[in-house]
Every structure is written in C-alpha cells, then in structure tokens.
DNA sequence: CAGAAAAATGTAAGCGATTTCAAAATAAAA
DNA sequence: TTTTATTTTGAAATCGCTTACATTTTTCTG
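Chains as they are written, first to last, in our numbering: chain H, 5 to 339; chain U, 5 to 339.
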C-alpha cells in the first residue's frame, strides 16, 4: 500500500509540489481556482501531510513534551486537562514522559526529548536538579516548570507557574496564632516534595516570627503501604494538635478517622485543613475544609505560556513566573 | 547555534556519513578501530541522532499513541504506568491524546495520529465507533484496545486486552441468588460506559436464566455535580436493595453514607460491592469489598502486545484478545 | 496594445538521516 | 607475489516536505 505524498497530489491537480505545499500551509499567494483544484485533489486522494517530513524541513515538530513523575500521575488529572486543551487549541502534539525511581531516569527522558526534537517542554516540579536540565539549554528548548516555585536559576528560557504554598501556610498558621492556637501539626507528603517544602517554609517562618520553633512535623515511613495507614496508627498513639494541616486527601481521612476512633471531636477539639481540594473531601462526615487550587487553570496557563515562548512572543522576555491564586473552602473540619 | 548532525560527526571522525550511521545503528560490518573513532567523535561533539530524520528515512517513528477520554484521566493512572514502563523497555516514545466532548473529537485525534506517522495506537475502550477507526486501517496502523471486550469487528490489526466484566457480574449475581438474595441493584457509571454495559449484560443474563427480569438499574443525571451527591439523595428516598453493585469508589461511598444516615446496617441489612478496587475503599468504616483489577498488568500486557504486533511477531496472527483476571477482595461490606 | 509591475507558479536545494551498490582495503589462497 | 575472496568504506539516491529564487502568467498603465 503506497502512501499518498504531496507529489501524488501535485500530479493529480496538475501543479507543482510547491503549489500543493502552499495550499496546505495556506499561503496567500495561490490563486483561488488552483487552490480549489488542489483542495479537491487532496480530498480525492485522502492526502494527509506527513508531519515527520514537515518536521525535518522546518526543524520544528509542533510537539511539546510533558514530563511528570509516575507517582504523581493520578493526582494531576485536571492540570493535564488544562494542558491538553490549550495544546489542542494551538495544534501542538503532546509527547508524554514519566520518570520513576527505578526504570526511567530524568536523563533518559531528556535524551529522548532531544532526539525527538520536541519544540518545548512542560515539567512538573518534583525535585529535579538543574544540572540534568542543562542539556536542554544547549538545544535552546524552552521549558515551563509547573507546580511550585523555582528559585533563582542560571537556566534560561524557563517559565514557571506556581501556587505560593509558602504564603498559604504562613497565612494559615498566623490566622490560628491570632485565635490563640499554637499547637499545630504539618503532615509530610512524599508524593509532592517540592510543594511540601514550600509549606514547611511558610510554617517555619510564621513560628520564627513569633520567636518559636515549629516541631510538629509528622513524617511517615515509606515502607508503609500508604500514609493513611501510618497516620491512622500514629494518631492513635500521639494525640494530634489543635490544628492539623494535611497535604493530601488520604492524610486528611487518616486524621479524621483516627480522631473519631480516639474520641476527639472535629472541629471542636481539633481542626483539620487539607491543602489540596478534591471531591473525596466532601464524602466524609464532616466534610473536610481545604484550599482549592485552580488545577485546570494551572495547566492551561502553563501551556499558553509555553506556546508564547515558542513563538518568541515579545511580551516574554527573561524567565517569567506566573503566580496562580487559590482560595480557602471552609467546610466542617474548621470552626 | 548550529546543531550537530551526522555530517559533523563524519568530518570529525574522518569517515563518511554512511559509516557514522552504521555505528549508530550498530551494524556489525564496521571495523573495531573505526567504530571507536566514530564513537569518540560522537562523544566529543555531543551528537544526538535526529529522530525526525530517522523517522523520515525509515518510515518508522518508534512512537506509539495513547488515546483516552479526558474524563477517564484520573482513573487510569496505574494502567498508564504499565503502558509507560513497557514502552520504555522497548524504547518507544509516547504521544498522548485525549478526547473530550467539546474540544477534541475522535476524528481530530485520528487525524493527528496519521499526520505524525505514529507506529501504533493504544486506545482506551470508551464507546468509539468502528467507522472512525477505519482510517487507521488504511494506514495499517496496529492498535490495541484496552479496558473491556470488543466484539466481532471487521477491523484488522487490532488487539484487545480486557477484563470479563460480564462474567464478573454474572457470577456475583448468581452467588447471591444461591444465598437466596434476589433484591439486587446495579449503579450506572457514565465514566466508563463500556465497562458498565458489560456488567449489565452479566446481571441481565443471570436474571434471565432464572426467568426474572432485572430492573434495579439506577442511572444518574449528569447534571448533578457528581454521582456521589445524586446517589446519596437517591438512597435517602429509595431504600437500596439487599445487594448494591457500585462501579466506582464515589458511588460506593454514596451508598455507604446514605445507608448510615437512613439507619440501615452494612453489611447486615445491605451488602455493597465495588467493581473497581482502590485505596479509598479502605478508608471507610467498614472497608468496602471490591473486585481487584490488575491495572498495572493491563497496561503492561497491552503495550507488550502492541510491540509484538509492530514487529509482526509470528505468534500474532489475526486479531488477538487477551483476558485479564481479577479477584474479589472481601472486606467489611459483604457478609 | 506594448511594456512594466504584480501575482502566481515552478525549479531545485536543503532538512538529517538510511541504505543500495560500487569501490577500496584487507585477508586468504595459489 | 599474484590473484581472488572477503571486509570495510564511500558515493549517491531516497524519504516527503518547505522555501528562496527564477520564471511564467496576469493585470495595470499610459
């Protein structure tokens, strides 16, 4: 089965390939009647331009790579939706890469990004190291890092969309200080280390400003099947504090269930806030208070930013960072 | 910044491009000392073969497209993990496509699959129509459909991995018949229509064999924010039956919560089984009994099958279907 | 209606690899 | 040491498209 090429179309329409190419890319120079003739030939033969050949000719693949850690997979659905929708609008194809501890190292991913001559990359911020990314610089592949803030960097051509988790935690803790509550716990989350680091910074800062040291940081051992099991056990032994900050739904569940078993009342004795809103938080009794993060928008904005970088939009100079807002949704676990 | 091409390497190593190409593809013909010389040149220049050019020359992109419905996103994380891991092993790149009601129609996806000359496709079974897929046939792009069973098809070159949901439902219902329970409800799930259709077939069949007609099929209105809210309300009004089969975690939660509010005891008065196991089912009280589906394996097996089809493995003739097992995990919501 | 200007089309050179076939280098045989 | 067989290498065509530049066609002017 011979595949239809631009040459076949040219012959069918009795023009040169150049002309066919022009109508494909709707160049304005071609005359209306020949455009129609070519269009019909394309239709008739069912011709579909070969993006690979185009890519080679143009040194441009209209393809964007998304890189995320395998474990974050189920959690970033909405961000992905935002990314995909905007990519679709601008007609970009998406290459998908995952990193995982054992099988796929970041380096391999970078390697294949380069080999496939991807135009740009969206990278989920998960403790990557700058050194690994340097190769991308050599190839001048623009990148936007999504999730949490990246600090100063020597890298060029990198955008960033983030939620200010540090501020979120800082404000939250302060608001409880003002209510006279100082007994506060933050739960570790291995799934999203960079987010957690920001949260912790915020909490530490708030404590430091009051001349206190924050200590109630509950880590959990990864050998446990899930943080849920671990935390539930933990809180049966150690009474939780007045305010518990969870970073994920399962942690919030754990706190809720452990407290109920231990006979603590929520929110009377203990208040609970989850840093990531999702539907599961409204399936408990009481519903769990949470911060809502505009996930879809994060995806959409990130991709839009990248597309601008790709066409060297004049409004994009230097590395640009976009802060995404968030809102608190009070529910049954806070007073 | 000029990118390094095979030509640069050739000059550096003082050989022709042909030779460089040979060492890249470890052709056995090249002599050891020149191989080393070329290798060094590659190293020195940091040369990375251009996959696009290779793709053009070979009519082969070593790229596989994954197509799934946007809404299924968060639910298929583990399958995706399996797919990605195996793709990595065989060095395939992944193009990712989502379909969604408004923005992205299947046809557009197919169009870009063809344009990008993807070697094969993994399609999540979600009520696609055969007609849409016919174009892929013309281009002889192999495909494996994952999720649920596809019936007879005139399509060629399509593999299938599935869980026999029909049998699952059939056996489940029968086992309750044997215990004397005939009052059974199945909850609709719009998220995974093809799975639900299979389940319903199984239930219907079991009822039909006993000369009964199955009626307790609870649909839900999509205008509701989530099935959870709807079902919770529903069950406050209509008492659930002796056995409720939920197809998703949130549905199971709804049943559990509604029953608790209405004063029914689980599992004494009502038993509850969820068709898809996940971690959330062990965060309730009682834990929810469920069928465990080998999601990771489904992904891995599907991708492996596709890779075999791509190299025309002789063990693959005609369309091949692989049934994946499942197991029941009894927990607190069944007696 | 000739000549100039503008618009439309075609020619041919890339883009960066692979691969066939011929030529050169090396090894084996006489 | 020739001659012949075998390995290695290189030259050049090819994959399917874009585009600068040349050429042809059309439109406009006077």
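Virtual Cβ for every residue (Gly too), placed ideally from N, Cα, C.
query = If we call anything under 9 Å between Cβ atoms a contact, is residue 38(U) one with residue 17(U)?
reply = Here residue 38(U) refers to the residue found at position 34 of the second chain. Here residue 17(U) refers to the residue found at position 13 of the second chain. Yes; because the gap between Cβ atoms is below 9 Å, this pair is in contact.
query = Taking just the CA atoms, how far does residue 142(H) sit from residue 309(U)?
reply = Within the second chain, residue 309(U) is the residue found at index 305, counting from 1. Within the first chain, residue 142(H) is the residue found at index 138, counting from 1. A straight line joining the alpha-carbon of residue 309(U) with that of residue 142(H) spans about 37 Å.
ask   = Thinking just about the alpha-carbon of each residue, which of 252(H), 245(H), 332(H) and 251(H) is nearest to the one in residue 263(H)?
value = Reading the first chain from its first residue, position 259 is the one you call residue 263(H). Comparing Cα-Cα distances from residue 263(H) to each of 252(H), 245(H), 332(H) and 251(H), the minimum goes to 245(H).
Nearest-angstrom Cβ-Cβ length linking residue 199(U) and residue 151(U), presumed shorter than 8 Å = Indexing the second chain from 1 puts residue 199(U) at position 195. Indexing the second chain from 1 puts residue 151(U) at position 147. Correct: roughly 7 Å between the Cβ atoms.
ask   = In whole angstroms, what is the alpha-carbon distance linking residue 30(U) and residue 177(U)?
value = For this step, residue 30(U) is matched to residue 26 along the second chain. For this step, residue 177(U) is matched to residue 173 along the second chain. Rounded to the nearest angstrom, the gap between the Cα atoms of residue 30(U) and residue 177(U) is 58 Å.
query = Secondary structure at residue 128(H), three-state DSSP: helix, strand or coil?
reply = In the first chain, counting from the first residue as 1, residue 128(H) sits at position 124. When DSSP states are grouped into helix, strand and coil, residue 128(H) belongs to the strand group.
query = Does any residue of chain H bring its CB to less than 9 Å from the CB of residue 84(U)?
reply = In the second chain, counting from the first residue as 1, residue 84(U) sits at position 80. Output row for residue 84(U): interface = yes.
inquiry  = Whole angstroms are fine: how far does the CA of residue 266(U) sit from the CA of residue 334(U)?
reply    = Numbered from 1 along the second chain, position 330 holds the residue referred to as residue 334(U). Numbered from 1 along the second chain, position 262 holds the residue referred to as residue 266(U). It is roughly 24 Å from the alpha-carbon of residue 334(U) to the alpha-carbon of residue 266(U).
ask   = In chain order, what residues of the same chain have a beta carbon less than 6 Å from the beta carbon of residue 119(H), not counting five sequence neighbours either side?
value = Within the first chain, the letter at position 115 stands for residue 119(H). Around residue 119(H): no qualifying Cβ.
query = With distances taken from CA atoms, which of 337(H), 10(H), 327(H) and 222(H) is nearest residue 172(H)?
reply = If you number the first chain from 1, residue 172(H) lands on position 168. Of the listed residues, the one whose Cα sits closest to residue 172(H) is 327(H).
query = Between the beta-carbon of residue 295(H) and the beta-carbon of residue 254(H), is there less than 9 Å?
reply = As a working mapping, residue 295(H) is identified with position 291 in the first chain. As a working mapping, residue 254(H) is identified with position 250 in the first chain. Their beta carbons are not under 9 Å apart, which means residue 295(H) does not touch residue 254(H) by this criterion.
inquiry  = Under 8 Å, with one C-beta from each stretch per pair, do the region 284-301 of chain H and the region 85-104 of chain H reach the 3-pair mark?
reply    = Contact between the region 284-301 of chain H and the region 85-104 of chain H is present: three or more C-beta pairs spanning the two stretches fall below 8 Å.
task = Let me know the secondary structure DSSP gives residue 227(U) once reduced to three states.
result = As a position in the second chain, residue 227(U) is number 223, starting the count at 1. At residue 227(U) the pLDDT is 41, less than 50, meaning the model places this residue with poor confidence and gives no usable figure here.
query = Is the distance from the Cβ of residue 275(H) to the Cβ of residue 235(H) below 9 Å?
reply = Numbered from 1 along the first chain, position 271 holds the residue referred to as residue 275(H). Numbered from 1 along the first chain, position 231 holds the residue referred to as residue 235(H). Not in contact: residue 275(H) and residue 235(H) (Cβ atoms no closer than 9 Å).
ask   = When the Cα of residue 115(U) is compared with those of 113(H), 162(H) and 52(H), which residue comes out closest?
value = Looking up residue 115(U) in the second chain gives position 111. Out of 113(H), 162(H) and 52(H), 52(H) has the C-alpha closest to the C-alpha of residue 115(U).
query = Who pairs with residue 184(H) in a beta bridge, going by DSSP?
reply = Reading the first chain from its first residue, position 180 is the one you call residue 184(H). The bridge partners DSSP lists for residue 184(H) come to none.
query = Does residue 4(U) have its Cβ less than 9 Å from a Cβ in chain H?
reply = This structure leaves residue 4(U) out entirely; chain U is present only between 5 and 339.
request  = Would you identify the three-state DSSP class for residue 100(U), choosing helix, strand or coil?
outcome  = To locate residue 100(U), count along the second chain from 1; it is residue 96. The answer is strand: DSSP assigns residue 100(U) an E or B state.
message = Please report the distance separating the alpha-carbon of residue 293(U) from that of residue 277(H).
response = Counting from one through the second chain, the residue named residue 293(U) turns up at place 289. Counting from one through the first chain, the residue named residue 277(H) turns up at place 273. Rounded to whole angstroms, the separation of the alpha carbons of residue 277(H) and residue 293(U) is 29 Å.
query = Expressed to the nearest angstrom, what Euclidean distance is found between the alpha-carbon atoms of residue 78(U) and residue 195(H)?
reply = Along the second chain, one-based indexing puts residue 78(U) at 74. Along the first chain, one-based indexing puts residue 195(H) at 191. One Cα belongs to residue 78(U), the other to residue 195(H), and the distance between them is close to 16 Å.
Delimiting residues of the beta strand (DSSP E) encompassing residue 275(H) = Locating residue 275(H) in the first chain gives position 271, where the first residue counts as 1. Looking at the DSSP string, the run of the beta strand (DSSP E) that includes residue 275(H) is 275-278.
task = Can you say whether residue 62(H) is buried or exposed, counting buried as having 16 or more other CB atoms within 10 angstroms of its CB?
result = Walking along the first chain from the start, residue 62(H) turns up at place 58. Looking at its Cβ environment, which holds fewer than 16 other Cβ atoms inside 10 Å, residue 62(H) is exposed.
Reduced DSSP secondary structure (H/G/I, E/B, other) of residue 150(U) = Position 146 of the second chain, counted from the start, is the residue given in the question as residue 150(U). The answer is strand: DSSP assigns residue 150(U) an E or B state.
Supposed close pair residue 250(H), residue 279(H) - CB separation, criterion 8 Å = Along the first chain, read from residue 1 onward, the residue named residue 250(H) stands at position 246. Along the first chain, read from residue 1 onward, the residue named residue 279(H) stands at position 275. Between the beta-carbon of residue 250(H) and that of residue 279(H) there is about 7 Å, and that keeps the pair under the 8 Å contact cut.
inquiry  = Please state whether the Cβ-Cβ distance between residue 164(H) and residue 323(H) is less than 9 Å.
reply    = Your numbering for residue 164(H) matches position 160 in the first chain. Your numbering for residue 323(H) matches position 319 in the first chain. Yes, the Cβ-Cβ distance between residue 164(H) and residue 323(H) is below 9 Å.
task = Closer than 8 Å by C-beta to residue 216(H): which residues in its own chain qualify, once you throw out the five before and the five after it? Chain order, please.
result = Numbered from its first residue, the first chain carries residue 216(H) at position 212. Excluding positions up to five away in sequence, the list reads 186.
message = Counting C-beta neighbours from all protein chains within 10 Å, is the total for residue 273(H) 16 or more, i.e. buried, or is it exposed?
response = If you number the first chain from 1, residue 273(H) lands on position 269. That one is exposed.
inquiry  = Measuring only the C-alpha atoms, how far is residue 123(U) from residue 9(U)?
reply    = Locating residue 123(U) in the second chain gives position 119, where the first residue counts as 1. Locating residue 9(U) in the second chain gives position 5, where the first residue counts as 1. Roughly 25 Å separates the two Cα atoms.
query = For residue 174(U), which residues of its own chain have a beta-carbon under 6 Å away from its beta-carbon, when the five flanking residues on both sides are left out?
reply = Taking the first residue of the second chain as position 1, residue 174(U) is located at position 170. Its chain contains 206, 209 and 210 as the residues whose beta carbon lies nearer than 6 Å to that of residue 174(U), once the 5 sequence neighbours on both sides are disregarded; these appear in chain order.
ask   = Alpha carbon to alpha carbon, what distance is there between residue 11(H) and residue 49(H)?
value = By 1-based counting over the first chain, the position of residue 49(H) is 45. By 1-based counting over the first chain, the position of residue 11(H) is 7. Cα to Cα, the separation comes out at about 11 Å.
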